[in-house]
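J.: First to last, the protein sequences are chains F and L.
Counting from 1, one number per residue, gives the positions in the first sequence under the working numbering.
Counting from 1, one number per residue, gives the positions in the second sequence under the working numbering.
Cβ coordinates follow ideal geometry from the N, Cα and C atoms, glycine included.
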Amino acid sequence: AQSVTQLDSQVPVFEEAPVELRCNYSSSVSVYLFWYVQYPNQGLQLLLKYLSGSTLVKGINGFEAEFNKSQTSFHLRKPSVHISDTAEYFCAVILTGGGNKLTFGTGTQLKVEL
Amino acid sequence: EAQVTQNPRYLITVTGKKLTVTCSQNMNHEYMSWYRQDPGLGLRQIYYSMNVEVTDKGDVPEGYKVSRKEKRNFPLILESPSPNQTSLYFCASRPTGLGNTIYFGEGSWLTVV
């Protein structure tokens, strides 16, 4: 079975500063990886996903993530954050071989301050 | 507009009073799923459906029922709600294919007193 660990429950950062949200997964087989964002009082929407190919994935709103198979990580980064990036971010994983189970991490609350 | 629609968005109910949360998608997706979101626990899958008349348990199915009689609808039924089912619920759908994007509804806040 797969699992996802988001080590930081909250990350405060000043506007225009860079940010990295960490995600590690555990699986004995290959996986697809996702980052979702949840703005206050809204559902989740996809930021980016890794299926195969280049390990650096670019998503919406200037976010990117790098898949590192040896470290089983999929950290999310943005070089310069904006107040509007304040939201909760979820990393998720699904096994490529089937199972239909998308497993989410516990989420990281990103708070951007002036 | 492509969307997943849940109703009600907010509900306060009493212990033991049966309720149904409806979910409908207009994207002709085969796969639909229900999640609950609780502080510190992230999203946990309750039930999912691969297609009409095909449903299966997720991680936390106890106390819930689902049905999939039509492709577009996937209602979540709480036969006898209890306070530990107070949570934020999300319905989601995607096309067949594990790498496809999952689309979420806006959520239903349920409080059981």
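Evaluate contact between the region 98-110 of chain F and the region 4-12 of chain L, counting only Cβ atoms and requiring at least three cross-stretch pairs below 8 Å.
T.: no
J.: Against chain F, does isoleucine 46/L count as a neighbour if the rule is that its beta carbon must be under 8 Å from one of theirs?
T.: Working through the second sequence from its first residue, we reach residue 46/L at position 46. Taking CB atoms only, isoleucine 46/L has no neighbour in chain F less than 8 Å away.
J.: Return the bridge partner residues of alanine 87/F from the DSSP annotation.
T.: Position 87 of the first sequence, counting from 1, holds the residue named residue 87/F. Note: alanine 87/F sits in a beta bridge opposite Leu110/F.
J.: Can you tell which of Val52/L, Val66/L and Asn73/L has its C-alpha closest to the C-alpha of serine 24/L?
T.: Reading the second sequence from its first residue, position 24 is the one you call residue 24/L. A check of alpha carbon separations from serine 24/L across Val52/L, Val66/L and Asn73/L identifies Asn73/L as the nearest.
J.: Closer than 8 Å by beta-carbon distance: list the chain L residues that pair up with tyrosine 32/F, in chain order.
T.: If you number the first sequence from 1, residue 32/F lands on position 32. Those are Leu98 and Gly99, listed as they occur along chain L.
J.: With 8 Å set as the bound, which would you pick, yes or no: does the beta-carbon of glutamine 42/F sit closer than that to a beta-carbon of chain L?
T.: Counting from one through the first sequence, the residue named residue 42/F turns up at place 42. Taking Cβ atoms only, chain L reaches closer than 8 Å to glutamine 42/F, which makes this a yes.
J.: Counting only beta-carbon atoms, is isoleucine 60/F nearer than 8 Å to chain L?
T.: If you number the first sequence from 1, residue 60/F lands on position 60. No, its Cβ sits nowhere closer than 8 Å to a Cβ of chain L.
J.: Would the region 83-94 of chain L count as touching the region 85-95 of chain F if we require 3 or more Cβ pairs under 8 Å?
T.: Flag = no, the region 83-94 of chain L and the region 85-95 of chain F do not touch.
J.: Out of curiosity, what's the CA-to-CA distance linking serine 52/F and glutamate 15/F?
T.: In the first sequence, residue 52/F corresponds to position 52, counting from 1. In the first sequence, residue 15/F corresponds to position 15, counting from 1. A direct Cα-to-Cα measurement between serine 52/F and glutamate 15/F gives close to 32 Å.
J.: If we count the other Cβ atoms within 10 Å of its Cβ and call it buried at 16 or more, is glycine 62/F buried or exposed?
T.: The residue given as residue 62/F occupies position 62 in the first sequence. Result: exposed.
J.: So is valine 21/L buried or exposed if we call it buried at 16+ other beta carbons inside 10 Å?
T.: Reading the second sequence from its first residue, position 21 is the one you call residue 21/L. Buried, because 16 or more other Cβ atoms sit within 10 Å of the Cβ of valine 21/L.
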